[in-house]
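Position one of the sequence shown corresponds to residue 80 (my numbering), numbered consecutively onward.
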Amino acid sequence: MLTIEAVTASLCQLKVEHLDDKQWGELFRILRHKSMAASYYLRLRNAGKEHYVPEQIKPPFLSAVTFSEAQTRQVKIQLKKLSLLFTAHQIEFVMLKGAAYVAAETPNSYGRLMSDLDICVRYKDLSGTELALRNAAWQIKELDDYDEKFYRQWSHEIPPYKHPFDGVSLDVHHTLFPPVADKSININQLFVEAQCGLSGVKYPGVEWLVFHSAIHLIANEDAENGLRDLTDIYLLLTQYQQTFNFERLSVLFCESGFVTEFRLLQQLLLEYFAYQLPSGKIDTEGLNSLWFNLRFWAVRWAICPASEYIAGSHQRIPRMFNYIVGYSCKMPILLLMRHLGYKSARSLIKFLFGEFYFRKKSK
């Protein structure tokens, strides 16, 4: 069984010289569970360390790489389709997250897996976007009335769409964070600073890519893919080190109201990758406060994979604390209490009466 320190050293910092065959097997299982096997192997190859991988472990790694390459080809096809669709309807859009990495051909895109595509359109273009998608056979995911209201009134995205023939899911954002939160992201600037990539598709500038990945990681209740997201950030920062505008990054965090999240990002990068993120225009005030240390303790554990192959990794209290804090970042406290209360009650009712209790009745 691996220790947390061993996982950090080998998985994040690529210090693999000390691993034996059994530990390699355990590490692969952790990576496969987190959909990181392909990207990790390619990182090893780029660092000239793939020869440390035992021969019996290489085939599963190479299989993961082959699978990721197939998904990347599919994503590129979808990028072209979306470009043609929205160009025909004169709707400006920007790819986000995993699909943006593919469009930009960033170093972290190689071997990276994704469960859906994410785009951002201007709020005024939402109705036109939905009309264009429906005309192209995209179908909206069936939701109950509460979830539909949650997306439409409180979320930063509309209900997800899925294409019945391509089998692709699409999340349509109109900003990067729930508008009910006390934040002020200048989404127009995202469009201004966007760059053109594959098939003429736009993607955010690299500072925006890091910013979005960071707030999605830290100011969020779901940290299931946290280690993957933190690795994305690290690779973007280091691969673009010579041209990256660290001052611009700090301004994005500061002006949008995510100063604490920036400081947490600094500590996480230091903890997992031994990387010091320059502070830019953000000072170090508040690093010793009780609240900051509680949040760091929680998100640090939330990011760590909970695995039977990692000793002491099943820490429920910090993960639950991070879940609650993540939700509280996204909505006012009264709305949060109402939302969590409803979700808890609904889970109980589903347990008692079945999954289909809340399904909308056919008209």
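C-beta: ideal position from N, C-alpha, C; glycine also.
From a predicted model like this one, the values you see are computed outputs, not experimental measurements.
Quick check: what's the CA-CA separation for residue 145 versus residue 119?
Between residue 145 and residue 119, the C-alpha separation is close to 13 Å.
Here's the rule I'm using: 16 or more other beta-carbon atoms within 10 Å means buried, otherwise exposed. How should residue 304 be labelled?
Flag for residue 304 reads buried.
Report the three-state DSSP secondary structure of residue 425 (helix, strand or coil).
If DSSP states are grouped into helix, strand and coil, residue 425 belongs with the helices.
By how many angstroms is the C-alpha of residue 202 removed from the C-alpha of residue 251?
For residue 251 and residue 202, the distance between alpha carbons rounds to 10 Å.
Rounded to the nearest angstrom, what separates residue 96 and residue 235 at their Cα positions?
Looking at the two C-alpha atoms, the distance is approximately 44 Å.
How far does the alpha helix (DSSP H) with residue 308 in it reach, from first residue to last?
First-last of the alpha helix (DSSP H) with residue 308: 305-318.
Run through the DSSP bridge pairs and tell me what residue 252 is partnered with.
The partner list for residue 252 (beta bridge, DSSP) reads 199 and 236.
Given that a residue counts as buried once 16 or more other Cβ atoms are within 10 Å of its Cβ, and exposed if not, what is residue 237?
Label assigned to residue 237: buried.
In the DSSP assignment, what residue or residues form a beta bridge with residue 175?
For residue 175, which the question treats as bridged, DSSP gives the partners 197.
Pair every Cβ in the segment 166-182 with every Cβ in the segment 277-288, then say whether three or more of these pairs are closer than 8 Å.
Taking 8 Å as the limit for Cβ pairs, the verdict is that the segment 277-288 does touch the segment 166-182.
Between which two residues does the alpha helix (DSSP H) containing residue 333 stretch?
Looking at the DSSP string, the run of the alpha helix (DSSP H) that includes residue 333 is 325-335.
For residue 263, which of 294, 353, 389 and 209 has the nearest alpha-carbon?
Considering only alpha carbons, the answer is 294.
Tell me which residues share the same chain as residue 45 and place their Cβ nearer than 6 Å to its Cβ, disregarding the 5 neighbours each side in the sequence.
Outside the modelled stretch of the chain, which goes from 80 to 442, sits residue 45, for which no answer is possible.
Measuring straight from C-alpha to C-alpha, what distance separates residue 87 and residue 169?
When rounded, the distance between both Cα atoms is 46 Å.
With a Cβ-Cβ cutoff of 8 Å, do residue 248 and residue 195 count as a contact?
Cβ atoms of residue 248 and residue 195: closer than 8 Å.
Which value, in whole angstroms, describes the spacing of the CA atoms of residue 353 and residue 151?
So the alpha carbons of these two residues sit roughly 30 Å apart.
Per DSSP, residue 351 is paired with what?
Bridge partners of residue 351: none, in fact.
Round the Cβ separation of residue 473 and residue 172 to the nearest angstrom and send it over; I've been treating them as touching at under 8 Å.
This structure leaves residue 473 out entirely; the chain is present only between 80 and 442.
Looking at the strands, I want to know which residues DSSP matches up with residue 275.
DSSP, once it has assigned bridges, lists 281 as partnering residue 275.
Whole angstroms is fine: what's the gap from residue 364's alpha carbon to residue 377's?
When rounded, the distance between both Cα atoms is 20 Å.
Alpha carbon to alpha carbon, how far is residue 341 from residue 332?
Going from the Cα of residue 341 to the Cα of residue 332 covers about 6 Å.
Short of 6 Å in beta carbon distance, which residues of its chain neighbour residue 319, apart from the five on each side in sequence? Order them along the chain.
So the qualifying residues of the chain are 285.
Counting along the chain, where does the alpha helix (DSSP H) carrying residue 373 start and finish?
That run of the alpha helix (DSSP H) goes 369-382.
Go ahead and label residue 116 buried or exposed: buried means 16 or more other beta carbons lie within 10 angstroms of its beta carbon, across all protein chains shown.
Flag for residue 116 reads buried.
Using the C-alpha atoms, what's the distance from residue 138 back to residue 229?
One C-alpha to the other measures close to 44 Å.
Counting C-beta neighbours from all protein chains within 10 Å, is the total for residue 127 16 or more, i.e. buried, or is it exposed?
Burial call: exposed.
Quick check: the segment 402-416 against the segment 319-330, are at least 3 beta-carbon pairs closer than 8 Å?
These segments do not touch.
Could you tell me whether the Cβ atoms of residue 356 and residue 343 are closer together than 8 Å?
No, the Cβ-Cβ distance between residue 356 and residue 343 is not below 8 Å.
Could you pull out every residue in the same chain whose Cβ sits closer than 7 Å to the Cβ of residue 261, ignoring the five residues on either side in sequence?
Around residue 261: 336.
Tell me, which residues are paired with residue 222 by DSSP?
The partner list for residue 222 (beta bridge, DSSP) is empty, contrary to what the question assumes.
Determine the DSSP secondary structure at residue 389, reduced to helix, strand or coil.
If DSSP states are grouped into helix, strand and coil, residue 389 belongs with the strands.
Give the straight-line distance between the Cα atoms of residue 82 and residue 133, rounded to the nearest whole angstrom.
If I take the Cα positions, the gap works out to 20 Å.
Is it the case that the Cβ atoms of residue 287 and residue 300 are separated by a distance below 8 Å?
In this structure, residue 300 does not lie closer than 8 Å to residue 287 by Cβ.
Any chance the CB of residue 179 is under 7 Å from a heavy atom of the ligand NAD?
Only the bare structure without any ligand can be found here, which leaves the ligand NAD out of the picture.
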